[in-house]
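Read left to right, the sequence shown gives residues 3 to 204 (the numbering used here).
Just so you know, even glycine gets a beta-carbon here, dropped at the ideal spot from N, CA and C.
All figures in this text were calculated on a predicted structure; none of them were measured in a lab.
See below for the structure under consideration.
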Amino acid sequence: MNTSKPYDQIDLESIEEIAISIQANIVDALIVVDMQNAFVSGAEAVPASKQLLASIRILLAKARSAHAPVIFLQNDGEIGALDEPYEVGWELFFPPEPHEIIIRKSEDSGFKGTSLQQILDDHHVKSIAICGVLSEMCVAATARAALELGFDVLLPHDAHATYDVPAGPGSESVPAAMVARVAEWSLGDEIIICASVNEVFF
Numbered sequence: 003m004n005t006s007k008p009y010d011q012i013d014l015e016s017i018e019e020i021a022i023s024i025q026a027n028i029v030d031a032l033i034v035v036d037m038q039n040a041f042v043s044g045a046e047a048v049p050a051s052k053q054l055l056a057s058i059r060i061l062l063a064k065a066r067s068a069h070a071p072v073i074f075l076q077n078d079g080e081i082g083a084l085d086e087p088y089e090v091g092w093e094l095f096f097p098p099e100p101h102e103i104i105i106r107k108s109e110d111s112g113f114k115g116t117s118l119q120q121i122l123d124d125h126h127v128k129s130i131a132i133c134g135v136l137s138e139m140c141v142a143a144t145a146r147a148a149l150e151l152g153f154d155v156l157l158p159h160d161a162h163a164t165y166d167v168p169a170g171p172g173s174e175s176v177p178a179a180m181v182a183r184v185a186e187w188s189l190g191d192e193i194i195i196c197a198s199v200n201e202v203f204f
């Protein structure tokens, strides 16, 4: 007797499983964006670097404990930039484990001109948590691209950060925490925002 389920029923059940998982903040993989020495250590670190490092340590521990894919994005800055390739500031702050993947990039989005989408597809990833720097630049660009490609995206509020925005003509400076929050908000209703990494599961 054929006990297999109709294709449309399987498809609906798969969609329901994904919806339940993302609603419960359960994701398949972790993407760590540009956590390089230049941005999170020393005099040029983002203002919230201490909290950011603590939060991402928790995410890494959770993902590794669950044997979830962990992918590090590493930005290649221009010559003379803080993240110029092979300089101390370019190096990743958290050492990846041997089986974890490092993807170098030169654009804000971790998907543009890289193998990130293919790697996620190869690992059958449907949902991701994103963390790192800078909130309004590479974090937002990577999250937005992931949404456009059909991934479910979870962004823990305490796991991304940026710098203060200096005052411009006719405007005052904007604190980094506010910039980070606006970056979240700009991603729209499709992204899932949670308050803390303690609410993220793999």
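Burial is judged here by how many other beta carbons sit within 10 angstroms of a residue's own beta carbon; D30 has at least 16 and is buried. For S129, the enclosing beta strand (DSSP E) stretches over residues S129 to V135.
Counting only runs of at least 4 residues, the stretch 143–192 fully encloses the following alpha helix (DSSP H) elements, listed from N- to C-terminal order: 178–188. Per the C-alpha coordinates, the member of E186, A178, A161 and K128 positioned closest to A143 is E186. C-alpha of E109 to C-alpha of N200: approximately 30 Å in a straight line.
It is roughly 44 Å from the alpha-carbon of S173 to the alpha-carbon of A70. The beta carbon of S188 is closer than 8 Å to those of E138 and A142 in its chain, skipping five residues each way along the sequence. By the C-beta criterion, the stretch 51–66 is judged not to be in contact with the stretch 76–90, since fewer than 3 inter-stretch pairs fall below 8 Å.
Close CB contacts of L136 within its chain, under the 6 Å cut and outside five residues either way in sequence, are with T164 (chain order).
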